[in-house]
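Just below is one structure, and these are the notes that go with it.
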Amino acid sequence: MNTMVTAMREPGWRKPSVLPGFGLGMGITIFWMGLIILLPLAFLVWHSSNQSLDDFVQAALLDRRVLHAYWISLSSSVVAAVINTVLGTIVAWTLVRYRFPGHRLLDAMVDLPFALPTAVSGIALTSLLAGNGALGQWLEQAGIRVAFTQLGIIAALTLITMPFVVRSVQPAVENLQHELEEVAASMGASRITILRQIVLPTLLPSILTGMTLAFARALGEYGSVIFIAGNLPFRTEIAPLLIVIKLEQFDYMGATAIATTIMIVSLLLLLLINSMLAWQRRRGQGN
Amino acid sequence: MNSCKIKSALSLLLAAVVLNGCSNDGSDDSVKILNVSYDPTREFYQEVNPLFAGHLRQQTGTDVIIQQSHGGSGSQARAVIDGLEADVVTLALSYDIDSIHDKARVISADWEQDFPYDSAPYTSTIVFLVRKGNPLGISDWPDIIKPGVEVITPNPKTSGGARWNYLAAWGYAWRNAPAGSSDSERDAAAREFVRKLYRNVPILDRGARAATNTFVQRGIGDVFLAWENEAILSIESLGPDEVEIVVPSLSILAEPKVAVVDAVVDKKGTRSIAEAYLQFLYTEQAQLLAAKHHFRPRSDEALAAYSNKFPTLELFTVAEQFGSFAMAQKIHFNDGGEFDQIYQPQP
């Protein structure tokens, strides 16, 4: 569905569209994006421009503790996004392709991590995974500590970002043409071949979209992680926590420096992935 | 009038964003003042406010509605800096109120002189919570830095309240250094002491609530460093079968501070009421309420009435040990300070 909309919109740029309402739609889009996204972010950048470049670099790029926190945030977010990409795609597939008792309930449950206050998710996960928790005590016996380690951070991020992949991939699975798979099967293609040649390439754009969303969300997540991380400097301290720490010292400049850095990195990554998607789409159309 | 109330509620909710609250536009002859406070004082002020309203009506015939806002002390201070129109602030640290002066200039520099006891109408101290029966036999500060003892205390970088825990430990070690030590030797002893202490801290929770959760619900840790009022409260709510309080031989006098926000009261014309409100905190009835809600009162009568709740122990103040909270903040808690040094990887 996602791809359909884009495909319809793209020619509109080049030649007059048969669809009415382009001017109005574009106007509302620019206004709304400006109001809700650009204005607050512009304030952030404006705020951080009050400091000298040296101070900015010192606060956001040279402090070893800050760098370590970026690394923790970045690596945990990547791992969480990858886990969700694999498992979330399977969940989406299952929810669309099969009907079973409790199907609707399971489908509705996917959105729960969105609906819950993130602190609730964090506290629930910590209860479960701490050394005296239902799951944590077994893991601890096996020598695996989850709560208050980076594994805990990854667990929280995975929980929080799960819906992104499922909800992105679901419509794509719904739009998959059954006939193609049947034709391929009747022509003797094995199940693996069908999956690799037909199903995955069709789903890929929405899988990547879901992964990007999950990753971007994970990078900024604070509320749930803070309960399970342990927050020890150089070990389990995430970048958003450092922002809070700076604010707690009324160091607005330092906080905006880190926030701006995270924002720029996120924006670059999103741009990169989006242009990869666009490239892949063009290639797909060319074939 | 109703729409005015709704507006007020909304403005409280959106306080950080919306700068204009509901002004007294004459449709209602009661005066509204906003008390921006921190979390553990909620129940205390809920009881003080109606008492003060009655007192003011009797004295001057004015009806006052006192709105309360509670949150972390630091975030509340930031809300006021960002424009939340508080008539008075009643926060956990003088540093937070100093910062409102520094960043927003809405409070005068010498605010601490405006009310008795350096504008700290009630106090508390730092005590230990241990598991029922005190299985490790913890009785004083040296017991909690022994290897293998797990100590739960929030991150002093994010929790204003937890800075008192750190300062209490520092002050204890400083004052108990061998007789005849120089100041720098005492500093070194204190530094070593807090290093050992934080080596025993497995998790740095963001705030007091999260740390309480870790200690009580997660069952992690042997000792929980807590404000006395919070410690008594958690025993009240948990029952005496879970945890018990150990009072160390020496601790810090934690002084939550109060101040009138000059710029706001002058604009709204509420100065006299705001000042009367804070003055009221020193009256016998308010002092008794403070003691009831586990804060140590300044008044001797109120203290005597609750003497079994507040054991006597030697207390030192921030001013005596560190000069001022602002100085302690700079040396110990700001970036690169003593606390950060604890966690710097050894080269």
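Residue numbers (my numbering), protein chains in the order written: chain S, 9 to 295; chain R, 2 to 348.
C-beta atoms are modelled at their ideal positions from N, C-alpha and C, and glycine is treated no differently.
Runs of the beta strand (DSSP E) lying entirely within the segment 84–148 of chain S, each at least 3 residues long, are absent.
Assignment of residue 78 of chain R by DSSP, reduced to helix, strand and coil, places it in the helix class. Listed in chain order, the alpha helix (DSSP H) elements of length 4 or more contained wholly in the segment 136–221 of chain S are 144–149, 158–183, 186–194 and 199–202. Residue contact with chain R for residue 78 of chain S: absent (no Cβ-Cβ distance below 9 Å to any residue of chain R). When only Cα atoms are considered, residue 346 of chain R and residue 238 of chain S end up about 17 Å apart. Judged by DSSP in its simplified three-state form, residue 334 of chain R adopts helix. Against chain R, the beta carbon of residue 182 of chain S has no neighbour under 7 Å; the closest one sits roughly 39 Å away.
Along the segment 48–66 of chain S, none of the residues has a CB nearer than 8 Å to a CB of chain R. Inter-residue distance for residue 251 of chain S and residue 260 of chain S is about 9 Å (C-alpha atoms, whole angstroms). Per the DSSP secondary-structure output, residue 36 of chain R pairs in a beta bridge with R/69 and R/89. The C-beta of residue 262 of chain S has 16 or more other C-beta atoms within 10 Å across all chains shown, which makes the residue buried. The Cβ of residue 334 of chain R sits closer than 9 Å to at least one Cβ of chain S.
Annotation for residue 227 of chain R: the continuous beta strand (DSSP E) segment containing it runs 224–228. From the beta-carbon of residue 140 of chain S, the residues of chain R found nearer than 8 Å are 219, 220 and 221. Residues of the segment 83–100 of chain R whose Cβ lies closer than 7 Å to any Cβ of chain S, in chain order: 100.
Residue nearest to residue 318 of chain R within the set R/193, R/94 and R/140 is R/94 (criterion: CA-CA distance). Here the alpha carbons of residue 205 of chain R and residue 244 of chain R stand approximately 21 Å from one another.
Taking the beta carbon of residue 158 of chain R as reference, the chain S residues within 7 Å of it are 253 and 256, listed in sequence order. Apart from the 5 residues on each side of it in sequence, residue 155 of chain R sits with its Cβ closer than 6 Å to the Cβ of 163, 206, 208, 209 and 212 in its chain, given in chain order.
Within the model, the alpha-carbon separation for residue 285 of chain R versus residue 58 of chain S is close to 49 Å. Between residue 323 of chain R and the set R/262, R/230 and R/176, the nearest pair of CA atoms involves R/176. Taken through DSSP and simplified to helix, strand or coil, residue 125 of chain R comes out as strand.
Counting of Cβ neighbours within 10 angstroms places residue 148 of chain R among the exposed residues, the total staying below 16.
Contact between the segment 90–97 of chain S and the segment 218–228 of chain S is established, with three or more Cβ pairs separated by less than 8 Å. Within the segment 269–334 of chain R, complete alpha helix (DSSP H) segments of at least 4 residues are found at 272–281, 285–293, 301–306, 319–323 and 326–329, given in chain order. Taking C-beta atoms as the reference points, residue 314 of chain R and residue 250 of chain R count as a pair closer than 9 Å. Residue 132 of chain R is bridged by DSSP to R/244.
Non-local C-beta neighbours of residue 173 of chain S in its own chain, meaning closer than 6 Å and more than five positions away in sequence, comprise 92, 93, 96, 218 and 222, ordered along the chain. In the three-state reduction of the DSSP assignment, residue 251 of chain R falls in the strand class. Rounded to the nearest angstrom, the gap between the Cα atoms of residue 68 of chain R and residue 267 of chain R is 18 Å.
In the structure shown, residue 233 of chain S falls within a helical segment according to DSSP collapsed to helix, strand and coil. The beta carbon of residue 119 of chain S lies closer than 6 Å to those of 171 in the same chain, with the five residues before and after it left out.
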